[in-house]
Amino acid sequence: MRKMIRGAAAFATATAAVLAMSGAAHAERAADPWAGCPDGAVCVYPQNQNPAQSPSLVLYSYGPHNLSNQVGRHWVLNNQYGGATASLCTGYNGTGCGAPIAEGTGVYADLTPINSITLNRP
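If you use mature numbering (1 follows the signal peptide of the UniProt record, and there is no 0), the sequence shown corresponds to residues -27 to -1, 1 to 95, in order.
Structural data, given as structure tokens:
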């Protein structure tokens, strides 16, 4: 009888662990593609393209990304997930960053003074 109770307890614990892990994985699933911006990316669109349709720059990796020849107004969409943010920075290598752009949101910003974009871990 004790073996059956221990076996049932072990099964219940294993089942709970699998359910907890699947719930966490479900919460981390990818966002939907948005205005041509792939899942998990931050996208910059060509100057004055409004509405945003086809990105000219797609960023995937966390950390700073230096910009060049990005002047005027551009859409910057954060299509990351899991709480990851992006920031527009006036300095190169991610210095002088402004307020973070939350996942699933975008800004229509003048990129003339912006020299880098950071993708920030949650």
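Just so it is clear, CB atoms sit at the ideal spot from N, CA and C, and this is done for glycine as well.
Backbone secondary structure at residue i - three-state DSSP
i       : result
TYR65   : helix
ARG94   : coil
ILE74   : strand
ASP12   : coil
ALA(-3) : The pLDDT assigned to ALA(-3) is 34, lower than 50, so where the model puts this residue is not dependable, and the model offers no usable value.
Presumed contact (8 Å Cβ cut-off) between residue i and residue j, rounded CB distance
i     : j     : result
LEU84 : GLY45 : 7 Å
GLY13 : TYR33 : 6 Å
HIS47 : ALA82 : 7 Å
ASN51 : VAL17 : Incorrect: roughly 11 Å between the Cβ atoms, too far for contact.
Neighbour-count burial assignment, residue i, 16 or more Cβ in a 10 Å radius
i           : result
TYR65       : exposed
ASN21       : exposed
SER89       : buried
SER41       : exposed
GLY71       : exposed
GLN53       : buried
GLY55       : exposed
SER27       : exposed
GLY79       : buried
SER29       : exposed
residue 101 : Residue numbering for the chain in the displayed model covers -27 to 95; residue 101 lies beyond these limits and cannot be assessed.
If you scan the region 16 to 69 from start to end, which runs of the alpha helix (DSSP H) of 4 or more residues do you find wholly inside it? Whole alpha helix (DSSP H) segments, 4+ residues: zero.
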